[in-house]
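Colleague:
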Amino acid sequence: MFYSGIVVTSKPDRFDQAVSAVSELPGVEIHQKDEASLRFVAVIEAETINAESDLFSKIRFLPDVTDAALVVHRGEDENGKPIALK
Amino acid sequence: MQKSANISRRNLVKSGVAASTALAVGIPITPIAANAATEADKGIKWVKGVCRFCGTGCGLMVGTMDGQVVATKGDPDAPVNRGLNCIKGYFNAKILYGKDRLTQPLMRKKNGVFDKNGKFEPVSWDEAMNEIEKQFRRVYKAKGPTGVSFVGSGQYTIPEAYTVSKMLKAGFRSHNIDPNARLCMASAVVGFYQTFGVDEPSNVYDDIENCNTMVLWGNNMAEAHPVLWSRVTNTKLTKKETRIFNLTTHSNLSSGIADCEIIFKPNTDLAILNYLAREIVKRKAYDQKFIDDHCIFATGVVDIGYGMRPTDKFAFEAEKDTQAKQNKIVLTKAEAIGQHRPEMEGKEVEQKNQGNNGAHWHITFEEYCKGVEPYTLDFVAPLAKGDPDEPLDQFKKKLQLLADFYCDAKKDIISFWCMGFNQHVRGVWVNEQLYALHLLTAKQARPGNGAFSLTGQPSACGSAREVGAFSHRLPADMLVGNPKHRAKTEQLWNVPAGTINPKLGKPLMGLMRGLEDGSVNFMWTQVVNVFQSAPNSNHWLKAARKPENFIVVADAYPTLSAKVADVILPAAMIFEKWGLYGNAERRTQGWTQMVEPVGQSRTDIAMMLDLCKRFKLKETWCEQKVGDITLPNVLEAGKAMGYDPEMTLYDALFAGMKTAKETPWPDPKYPGKSCSTADALKLKWFPEKALFNEYRQFTLGGHDLADFDTYMDPSIHGLTWPVVNGKPTKWRFNAKYDPFVKNGDFEFYGPLMKAIPSGNLKGVTDKTPKPLPGRAKIFFRPFAEPVEKPDAKYDLMLCTGRILEHWHTGSMTRRVPELHRAAPHAVLYMNPKDAEDRGIKRNDLVEITSRRGSIKSRVETQGRMKMHRGYCWMAFFDESVQVNKLCVDATDPISAEPDYKKSAVFVKKA
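Heads up: the protein sequence lines correspond to chains A and B, in order.
Start counting the first sequence at 1; every next residue gets the next number (this note's numbering).
Start counting the second sequence at 1001; every next residue gets the next number (this note's numbering).
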């Protein structure tokens, strides 16, 4: 399984809508939020890096989103052991 | 239980990932979340790295376990990106593992021997290098230093660029080394040289947060420098007074948060900049004291041609009319007015200044004012308006607003530009003009104020430019053509006086043309896919296959260039070797080797050192006739220095370096670390460190770099040079920040600033050269048309560039299925009405034809690039589409950088 931590910046006055839109994407969870700076943390969980990147692109180009940046990226097997980013 | 343990683990990892993410960007987290972050990271060894991709130069932390990369994260302590990466940052590790990664040398063979018409077969390194040696020697004996060539890269590491430069210039006495940075930054470099006498920006990325106005000129930062764009976005959202202008030839992603989008016609940036300069003058918004103390005014020759060949001998029939403009053009009305010769409208003008295209002279302020006088709003607006459907009044208002900002002393302005300015037949001019605005208003080299030339590649600055791996350069801004610079280089390289060839090599397009015209018969390409990325590529693809030419491609993947090569060498990639990059803000950053190279791949340095072991000084330091000059025999002088003529170039130039003796391998400073270069050649010295530390000697006295170990220190996240007494420099030329300023509050101390004659707008009137110590030049440059404009047959203007998901020619990113899916094929972005007029619907397959070739692709009429009528756009990452078959190979004649942005095409349904 692959995981990425993304920081998303919403458009001004669209924070709740951005959070809602991102949370609706399958495999994406919302974590920390900082409305004052229009930013929130989303975590993508996917079986392949393929799927992760598709989700990242979808988030990046949502209408209520100004920007999205990748911060953390890692993979783990079912035993909790880190796996190569292949 | 297992299932709930798994869920529990996944939740822990997700919490840990979230917490790490929040921590990195300063979003508050709970202590429980912080614990989750630490737990999730257990067992992973984090090592400092740098992103492989663009010139932003994001810092990375790379997590390894059991010799593999298992995690990456944006380095939260990296001043450049503060923990952020863009989508390509996902794949810094994954690019190492594409299924078709080259793992073994390949050579064309028939019946067991090399045959140019044979199929590729796997061979040993020895067999590959034996054939390369044989072919190099054949060409070198027949044609000398001018017959062989290397095409290098702004993606070289610094030690790689230094190796190729020293090998060729000191060893083989050839300057036929030119990087793909010629295709992206050469105009910017000449703009720096002419304006400041020294290369590279005076400002830093922190100016994004320091300013209140940003102007993008031909730079789709949202896609091309995405993490810088994240910083811009953050500034815009948090500093309410921030305003952003996007000047572009087509609407793009950067227009999203821009306050004002200005769509202009290609090449009319020249006119718009003169309009702005005229407004500064008319409104007296210039800083007289700054100008009096620190600047002079200048102008130069026109009628310099378009960097094409002076003959149509090699031109396809269809391109001969464009080719003919190299020698003669018919002046348009706008050119005639803008160039102060209205009587020449509609007349033929010979391009008589091709041989002295960079000539310029000092003019008075009054002459400068005369120069910009024709560039009124009423002249410029109709000329420059790019969208035919935009009302002229609206366009005028935008230009006036832009002028208001440049003229306002209270605005702290950073102007950014990149390929729109540099890949331009008058790229040098337009770079100079933008500096002019900032120099007139004293908005340069100060926090929050400056004209900031952005670099596209990760180390076009650090490797290609600073090291001087160009056909006309030596390290640290020294030039081949300057005898004092050659002498200093010979001294630092410890080679005999007279070793270095005084004659410049060919720039990149010259090398490609050389393959076609027979003057170059050997080409070795490194970290570049030049047969896909060079414009007018049908010519060069064919030339590569000529029987007398021998092409070596060193790369990590089987690119288009590899397919036309004779030998393919598998190259080690970023974290498989030690390296350093220098990014767009003069920040040099280093990384240690983290994993072993895949298969039998070797570093480019190992390959070059191997080549050097096969040639002796007696073959190269002998007397050689090179065209109309004779290189002296320096073997006797070499003997006196301890060089036996039987010595190999390897022993003389590399193993014999003083720094090689000082840097053993293994290095006790790096216990447990590998060095793939040393391993490949069983070296007992540390090549990357020795090479860098020798190169560093060139930089002292103005380009100062720290030593190798400093950059490898985990606590150092790069340093902006000059680094003096361990302290980096942020704003150059500013006495408050730059230790090399000796006089006054600003000093433009560029060592290349020559004494120049004086004159007026028409020419030189006083040939006496006047020195310009410490001054920058404010240039007047006139409007000039692009070499191709749409006409009755080729009725659309095609522009090319890069998109967010893909890097350059897709050698790395197209192999990664994820990025491949995000943008599987290059599409032609067209205006919906233009498509409809041609019977074309969205997603139709079309044929696009220019004077130089035809390609096919699908059409996109929506999406994030919005075309106005008459204009279309395509990215160049896609080997299956090869847009460079269409592009004209006209260049800025001064910089020799091609103009990829303006080729006339027609489009029809396929």
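Note that beta-carbon positions come from the ideal geometry of N, C-alpha and C, so glycine has one too.
Given the structure is predicted, the values throughout are model-derived calculations rather than measurements.
1. Report buried or exposed for B:L1541, applying the criterion of at least 16 other Cβ atoms within 10 angstroms of its Cβ.
2. Mind checking whether B:E1548 and B:N1529 have CB atoms under 8 Å apart?
3. Which residues in chain A have a C-beta closer than 8 Å to the C-beta of B:I1029? List them in chain order.
4. List, in chain order, every chain B residue whose beta-carbon is nearer than 8 Å to that of A:F15.
5. The beta strand (DSSP E) spanning B:H1362 covers which residue range?
6. Which residue from B:S1537, B:Q1326, B:A1826, B:T1525 puts its Cα closest to that of B:K1887?
7. With B:K1618 and B:L1631 assumed to form a contact (beta carbons below 8 Å), what rounded beta-carbon distance in angstroms separates them?
8. Relative to the C-alpha of B:S1149, which candidate in B:D1679, B:L1719, B:T1525, B:D1667 has its C-alpha closest?
9. When the Cα atoms are used, what is the spatial distance from B:H1340 to B:V1859?
10. Run through chain A and tell me which residues come within less than 9 Å of B:R1009, C-beta to C-beta.
11. On a Cα-Cα basis, can you pick out the residue from B:M1065, B:A1652, B:A1690, B:A1784 that is closest to B:P1496?
12. From B:G1307, B:M1712, B:I1568, B:D1293, pick the residue whose C-alpha is nearest to that of B:P1786; which is it?
13. Within 8 Å (strictly less), CB to CB, does B:Q1155 reach chain A?
14. For A:K81, which residues of its own chain have a beta-carbon under 7 Å away from its beta-carbon, when the five flanking residues on both sides are left out?
15. Tell whether a beta-carbon distance below 8 Å holds between B:I1244 and B:M1214.
16. Spell out a yes or no on whether the segment 1025-1034 of chain B and the segment 1549-1557 of chain B are touching, meaning 3 or more CB-CB pairs, one atom from each, closer than 8 Å.
17. Could you tell me the alpha carbon to alpha carbon distance between A:N79 and B:R1864, rounded to whole angstroms?
18. Our contact map puts B:I1568 next to B:M1523 with C-beta atoms below 8 Å; I'd like the distance itself, whole angstroms only.
19. Indicate whether the contact test is met: 3 or more Cβ pairs, each with one atom in the segment 1705-1716 of chain B and one in the segment 1688-1695 of chain B, closer than 8 Å.
20. Does B:M1001 come out as helix, strand or coil in the three-state DSSP assignment?
21. Return the chain-ordered list of same chain residues with a C-beta closer than 7 Å to the C-beta of B:K1370, the five sequence neighbours on each side being excluded.
22. Could you confirm whether any beta carbon from chain D is found closer than 8 Å to the beta carbon of B:Q1068?
23. So what does DSSP say about A:I6, is it helix, strand or coil?
24. Do the segment 34-49 of chain A and the segment 1033-1050 of chain B make contact, defined as three or more Cβ pairs closer than 8 Å?
25. Taking 8 Å as the CB-CB cut-off, is B:T1677 touching chain A?
26. Beta-carbon of B:K1048 versus every beta-carbon of chain A: anything under 8 Å?
27. Residues in the segment 1085-1116 of chain B with C-beta within 7 Å of chain A's C-beta atoms, listed in sequence order?
28. Anything in chain A within Cβ reach of B:V1013, meaning under 7 Å, just list it in chain order.
29. Less than 8 Å separating the beta-carbons of B:H1225 and B:F1748?
30. If you follow the beta strand (DSSP E) that B:K1045 is in, where does it begin and where does it stop?
31. How about the segment 1089-1105 of chain B and the segment 1590-1605 of chain B: do they share at least three Cβ pairs that are nearer than 8 Å?
32. Is the distance from the Cβ of B:Q1593 to the Cβ of B:S1676 below 8 Å?
33. Alpha carbon to alpha carbon, how far is B:R1513 from B:D1837? Give it in angstroms, no decimals.
34. Hey, out of B:K1352, B:D1795, B:Q1433, whose CA is closest to B:T1268's CA?
35. Take A:T66 and list the residues in its own chain whose beta-carbon comes closer than 7 Å to its own, dropping the five residues that flank it on each side.
36. Could you tell me which chain A residues have their CB closer than 9 Å to the CB of B:I1044, listed as they occur along the chain?
Modeller: Reading from the atomic positions:
1. Residue environment: B:L1541 is assigned as buried (16 or more neighbouring CB atoms within 10 Å of its CB, all protein chains considered).
2. No Cβ-Cβ contact shorter than 8 Å links B:E1548 with B:N1529.
3. Q32
4. In chain order: nothing, as chain B lies at least about 11 Å away.
5. Annotation for B:H1362: the continuous beta strand (DSSP E) segment containing it runs 1360-1363.
6. Lys is not the amino acid found at residue 1887 of chain B; the sequence shown has Cys there. Nearest in C-alpha terms to B:C1887, of all of B:S1537, B:Q1326, B:A1826, B:T1525, is B:S1537.
7. 14 Å between Cβ atoms; not a contact.
8. Scanning B:D1679, B:L1719, B:T1525, B:D1667 for the CA closest to the CA of B:S1149 turns up B:T1525.
9. 42 Å
10. E76, E78, N79, G80
11. If we check each option's Cα against that of B:P1496, B:A1652 comes out closest.
12. Among B:G1307, B:M1712, B:I1568, B:D1293, the Cα nearest to that of B:P1786 is on B:G1307.
13. no
14. none
15. In contact: B:I1244 and B:M1214 (Cβ atoms closer than 8 Å).
16. no
17. Going from the Cα of A:N79 to the Cα of B:R1864 covers about 42 Å.
18. The Cβ separation is near 13 Å, so there is no contact.
19. yes
20. At B:M1001, the pLDDT of 49 sits below 50, so the modelled position is not reliable and the matter cannot be decided from this model.
21. L1761
22. The structure shown contains no chain D; its protein chains are A and B.
23. strand
24. no
25. no
26. no
27. N1085, C1086, I1087, G1089, Y1090, A1093, K1094, Y1097
28. Y3, E76
29. no
30. 1045-1050
31. yes
32. yes
33. So the alpha carbons of these two residues sit roughly 38 Å apart.
34. B:Q1433
35. T9, S10, K11
36. R74, P82
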